[in-house]
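Written out below as structure tokens is the structure these notes cover.
4 protein chains.
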Amino acid sequence: MPRQERADAARNRQAVLAAAERLLTERGGDHVSLDAVAAEAGVGKGTVFRRFGSRAGLIKELLEERSRTLRENVTDGPPPLGPGAPPRERLLAFLADLTTIGEQNAALLSAHEASCGDHKHEDPSYRFWAQHIATLIAAERPDLDADFLSHALLATFDADLIRHMQHEGKSFTTAVQALAASLLDAR
Amino acid sequence: MPRQERADAARNRQAVLAAAERLLTERGGDHVSLDAVAAEAGVGKGTVFRRFGSRAGLIKELLEERSRTLRENVTDGPPPLGPGAPPRERLLAFLADLTTIGEQNAALLSAHEASCGDHKHEDPSYRFWAQHIATLIAAERPDLDADFLSHALLATFDADLIRHMQHEGKSFTTAVQALAASLLDAR
Amino acid sequence: MPRQERADAARNRQAVLAAAERLLTERGGDHVSLDAVAAEAGVGKGTVFRRFGSRAGLIKELLEERSRTLRENVTDGPPPLGPGAPPRERLLAFLADLTTIGEQNAALLSAHEASCGDHKHEDPSYRFWAQHIATLIAAERPDLDADFLSHALLATFDADLIRHMQHEGKSFTTAVQALAASLLDAR
Amino acid sequence: MPRQERADAARNRQAVLAAAERLLTERGGDHVSLDAVAAEAGVGKGTVFRRFGSRAGLIKELLEERSRTLRENVTDGPPPLGPGAPPRERLLAFLADLTTIGEQNAALLSAHEASCGDHKHEDPSYRFWAQHIATLIAAERPDLDADFLSHALLATFDADLIRHMQHEGKSFTTAVQALAASLLDAR
DNA sequence: TGATAACCGAGACGGTACGTCTTGTCTTCTC
DNA sequence: GAGAAGACAAGACGTACCGTCTCGGTTATCA
Numbered sequence: 032m033p034r035q036e037r038a039d040a041a042r043n044r045q046a047v048l049a050a051a052e053r054l055l056t057e058r059g060g061d062h063v064s065l066d067a068v069a070a071e072a073g074v075g076k077g078t079v080f081r082r083f084g085s086r087a088g089l090i091k092e093l094l095e096e097r098s099r100t101l102r103e104n105v106t107d108g109p110p111p112l113g114p115g116a117p118p119r120e121r122l123l124a125f126l127a128d129l130t131t132i133g134e135q136n137a138a139l140l141s142a143h144e145a146s147c148g149d150h151k152h153e154d155p156s157y158r159f160w161a162q163h164i165a166t167l168i169a170a171e172r173p174d175l176d177a178d179f180l181s182h183a184l185l186a187t188f189d190a191d192l193i194r195h196m197q198h199e200g201k202s203f204t205t206a207v208q209a210l211a212a213s214l215l216d217a218r
Numbered sequence: 032m033p034r035q036e037r038a039d040a041a042r043n044r045q046a047v048l049a050a051a052e053r054l055l056t057e058r059g060g061d062h063v064s065l066d067a068v069a070a071e072a073g074v075g076k077g078t079v080f081r082r083f084g085s086r087a088g089l090i091k092e093l094l095e096e097r098s099r100t101l102r103e104n105v106t107d108g109p110p111p112l113g114p115g116a117p118p119r120e121r122l123l124a125f126l127a128d129l130t131t132i133g134e135q136n137a138a139l140l141s142a143h144e145a146s147c148g149d150h151k152h153e154d155p156s157y158r159f160w161a162q163h164i165a166t167l168i169a170a171e172r173p174d175l176d177a178d179f180l181s182h183a184l185l186a187t188f189d190a191d192l193i194r195h196m197q198h199e200g201k202s203f204t205t206a207v208q209a210l211a212a213s214l215l216d217a218r
Numbered sequence: 032m033p034r035q036e037r038a039d040a041a042r043n044r045q046a047v048l049a050a051a052e053r054l055l056t057e058r059g060g061d062h063v064s065l066d067a068v069a070a071e072a073g074v075g076k077g078t079v080f081r082r083f084g085s086r087a088g089l090i091k092e093l094l095e096e097r098s099r100t101l102r103e104n105v106t107d108g109p110p111p112l113g114p115g116a117p118p119r120e121r122l123l124a125f126l127a128d129l130t131t132i133g134e135q136n137a138a139l140l141s142a143h144e145a146s147c148g149d150h151k152h153e154d155p156s157y158r159f160w161a162q163h164i165a166t167l168i169a170a171e172r173p174d175l176d177a178d179f180l181s182h183a184l185l186a187t188f189d190a191d192l193i194r195h196m197q198h199e200g201k202s203f204t205t206a207v208q209a210l211a212a213s214l215l216d217a218r
Numbered sequence: 032m033p034r035q036e037r038a039d040a041a042r043n044r045q046a047v048l049a050a051a052e053r054l055l056t057e058r059g060g061d062h063v064s065l066d067a068v069a070a071e072a073g074v075g076k077g078t079v080f081r082r083f084g085s086r087a088g089l090i091k092e093l094l095e096e097r098s099r100t101l102r103e104n105v106t107d108g109p110p111p112l113g114p115g116a117p118p119r120e121r122l123l124a125f126l127a128d129l130t131t132i133g134e135q136n137a138a139l140l141s142a143h144e145a146s147c148g149d150h151k152h153e154d155p156s157y158r159f160w161a162q163h164i165a166t167l168i169a170a171e172r173p174d175l176d177a178d179f180l181s182h183a184l185l186a187t188f189d190a191d192l193i194r195h196m197q198h199e200g201k202s203f204t205t206a207v208q209a210l211a212a213s214l215l216d217a218r
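Chains as they are written, first to last, in this note's numbering: chain A, 32 to 218; chain B, 32 to 218; chain C, 32 to 218; chain D, 32 to 218.
Written out as structure tokens, the structure reads:
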């Protein structure tokens, strides 16, 4: 039986995540060293690396924390997010939530892009979202390339683009919904 | 009178660009230091920075070299790329060419993403493409959010996604064309 | 009354000593962290530190374990090691035994040097050996600087030197004996 | 032709060496990080590592700087250090100078021992001294184990021992000379 | 052709961050 | 409640890279 996480370990884990988010938000996706995160969290640098392995691991975990609820709702929750609703409604509801998360965490997204380099597709979290979207698209429109479109939709979750929309006073959520609706409704 | 580029300077410029491309292609978008580029080109590191200013500048120039012809054709060339053709045809023709460039230069794209960080929108080259796409979409479908859609379309030019498509044996060009067509034809 | 060592504590103590020796021998005096020792012994790291205080303490204890018999023989044993024999014979007999221990524990010696840093002289074990040698030299040759010579003799107990001799197929024991004899017999 | 050392490089080299010695002397052989050396010298950490490779490299170079003059005198200088004098005189003169260097640089010696670990014998500088001593001993006393004795003599160059002698108000130089003389004169 | 000014190669430099490692302490969990 | 397990703080180490800068030596233009 894998011994459960110790109390202090859990506390530190939270402290590091909170510190990382604080700094990333304040100083922008880049310009935040892990030394600084460790110092801000009041833990040693070794602790950060032991727990998260690398910069990428830390940021990935931050994003997963943000989206864990959505992920659970998508798997087990009630419609329209969870199973049961028609694919079209599920997809739009899902995108509404995911874009909201994106809008609220642009800095994290930006850091994630920078740290992942060229390995987005190997990230289990990314794979889950893409798979979910593709499945829903395929269910609604078997004639489309659901796989490509799922990646294309996720590609719009770009920190730059989100900030651009916010700067223009437009809703990223609305825009993505309209895009998805267009695709599903295309002749 | 701004003295024109010296012969050896031009030679070096080409050598650096060629070396950079060679290494980026061989070793993947990342994992290529400018030291290595300079060495491969047989020039001093200072020369690289004097000419291109920074890693981002070098890669940007590589991409612009690749797309210069397309850019000229879009501005001054004959239809359907250039002015004169209906917006729908111009857009599809343009995307066909741009995706082809993307497919042939995935490594460069990937390096570009990594080096630009969060400043994509300030890149004149990017702005030109986005502006061009937005104008054409707006001309064809004034009811859509042409600005957002132009960025969404360009967001699909992702090295990861392109490689994923190639790996699956699917045509990135075709997929993007279908996506664009869907948008323009949406009810 | 100091409660006597518990059975499991004694078992752990032995396990740690055995593990430390195994690793030191395998991987060389350095390159062995106390984490590794603890893991090899199948105990927690805290246990190592509680028992031995520090890296230096652990290694010191290992060496003392190796030389305990010699120490007892020197103090209470029969001649020529113990009291009773002429100083010259006692010294040569003592060096014969000590060099043999050194030859068989070069890895430990090397670790000891590294961990003691600049505090060799404060180590009670070292002081005992040095004192013993100095006393014997002084008894035999009051005209010499017994104090210095005792340290000089012990300085030859260097892991590097021992390995060098073994590599050359020469006997460290013999060499040290010859050196000591030269000193005692010098005109 | 190997391009010669640049002016600023030479300046920095000196600055680093001077800073290292200052700190080592002040704070003792250990307790000096390379970060601190770099800061004290007013150069970047990268500079220290580029030039000296490692902690050991830096300290080795410091010692070599101290003994370069002696080394040159031994090779090319006038008797009694250089060639020409009888081996006995050469050895004693050499040891007189080397012990003096040792006495004046105990802190460096101590740092050297700590950083070299178990690789003393691979250090070209050490090999040179040992070879020189062994050659002289062999010339004077072919019946002795010159190789072992050279290492034994060098083993007395121990920071601890030197400090012990100084503390006792005894001359390390004199003691080593007496030891060497004993060996050469032994019956 | 010779001078001279721009240019170049080579690479050292400051600086920053990363990820690894180690020691000795300290907290938690377990028996 | 004692003792084991192992997470923790602290921070040095060595590596990698970037972008700047310096230094002579070359090149190419001008006199």
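Virtual Cβ for every residue (Gly too), placed ideally from N, Cα, C.
It should be emphasised that the depicted structure is a prediction, and the values quoted were computed from it without experimental measurement.
For residue i, the nearest candidate out of the options (CA to CA)
| i | options | result |
| --- | --- | --- |
| His-150/A | Ala-142/B, Pro-155/B, Arg-97/B | Ala-142/B |
| Ala-138/C | His-152/C, Phe-179/C, Asp-61/C, Ala-161/C | Asp-61/C |
| Leu-55/A | Gln-135/A, Ala-161/A, Asp-154/A, Arg-218/A | Gln-135/A |
Environment of residue i [buried if 16+ CB atoms lie within 10 Å]
| i | result |
| --- | --- |
| His-182/D | buried |
| Met-32/A | Residue placement at Met-32/A cannot be trusted, given a pLDDT of 33 that sits under 50; what the coordinates show is reported in the next sentence. Its Cβ having fewer than 16 others within 10 Å, Met-32/A is exposed. |
| Arg-34/D | Because the pLDDT at Arg-34/D is just 45, under 50, the model does not fix this residue reliably, and the point stays unresolved. |
| Asp-174/A | exposed |
| Arg-86/D | buried |
| Arg-58/B | exposed |
| Asp-191/B | buried |
| Glu-144/D | buried |
| Ala-161/C | buried |
| Ser-213/B | buried |
| Glu-199/A | exposed |
| Val-63/D | buried |
| Ala-38/B | exposed |
| Ala-211/D | buried |
| Arg-245/B | This structure gives no information on residue 245/B, because the portion of chain B shown stretches from 32 to 218. |
Cross-chain neighbours of residue i in chain B, by beta carbon under 9 Å
| i | result |
| --- | --- |
| Thr-187/A | Phe-179, His-182, Ala-183, Ala-186, Thr-187 |
Close Cβ partners of residue i (< 6 Å) along its chain, the five nearest in sequence each way excluded
| i | result |
| --- | --- |
| Glu-171/C | Pro-118, Arg-119, Leu-215 |
| Ser-98/A | Ile-132 |
Close beta carbons around residue i, own chain, < 7 Å, minus the five adjacent residues each side
| i | result |
| --- | --- |
| Ala-206/C | Met-196 |
| Gly-75/A | Ala-69 |
| Ala-51/A | Val-68, Leu-89, Leu-93 |
| Ala-177/D | Ala-165, Ile-168, Ala-169 |
| Thr-130/A | Phe-203, Thr-204, Val-207 |
| Ser-146/C | Arg-86, Ala-87, Ile-90 |
Beta-carbon proximity list for residue i, same chain, < 8 Å, skipping 5 on both sides
| i | result |
| --- | --- |
| Phe-125/A | Leu-101, Val-105, Leu-112, His-163, Ile-164, Leu-167 |
| Ile-193/B | Gly-133, Glu-134, Ala-137, Leu-140, Phe-203 |
| Asn-43/D | Ala-72, Val-74, Thr-78, Arg-82 |
| Leu-65/A | Lys-76, Val-79, Phe-80, Arg-86, Leu-89 |
| Phe-188/B | Leu-129, Thr-130, Gly-133, Leu-140 |
Chain A residues whose Cβ lies nearer than 7 Å to that of residue i
| i | result |
| --- | --- |
| Arg-218/B | Asp-216, Arg-218 |
Chain-ordered neighbours of residue i on chain D, where CB pairs are closer than 7 Å
| i | result |
| --- | --- |
| Asp-154/C | Chain D residues near Asp-154/C: none, gap ~10 Å exceeds 7 Å. |
Under 8 Å by beta carbon: chain B residues contacting residue i
| i | result |
| --- | --- |
| Leu-210/A | Phe-179, Leu-180, Ala-183, Leu-214 |
Residue i: contacting residues in chain C (beta-carbon distance under 7 Å)
| i | result |
| --- | --- |
| Gly-148/D | Asp-61, Ala-145 |
Under 9 Å from the C-beta of residue i: neighbouring residues of chain A
| i | result |
| --- | --- |
| Asp-176/B | Lys-201, Thr-205, Ala-206, Ala-209, Leu-210 |
Beta-carbon neighbours of residue i, restricted to chain B and to distances below 7 Å
| i | result |
| --- | --- |
| Lys-76/A | Residues of chain B passing the Cβ test: none, with the nearest at roughly 24 Å. |
**Message:** To be precise: take each residue of the segment 84 to 96 of chain D, compare its Cβ to all Cβ atoms of chain C, and keep it if any distance is under 8 Å. Which residues remain?
**Reply:** none
**Interface residues of the segment 126 to 145 of chain D facing chain C [CB-CB below 8 Å]** = Here the close residues are Ser-141, Glu-144, Ala-145.
**Message:** Can you pull out the residues from the segment 50 to 65 of chain B whose beta carbon lies closer than 8 Å to at least one beta carbon of chain A?
**Reply:** Gly-59, Gly-60, Asp-61
**Request:** For the segment 189 to 202 of chain A, enumerate the residues whose C-beta is nearer than 9 Å to any C-beta of chain B, in chain order.
**Result:** Asp-189, Ala-190, Asp-191, Leu-192, Arg-194, His-195, Met-196, Glu-199, Lys-201
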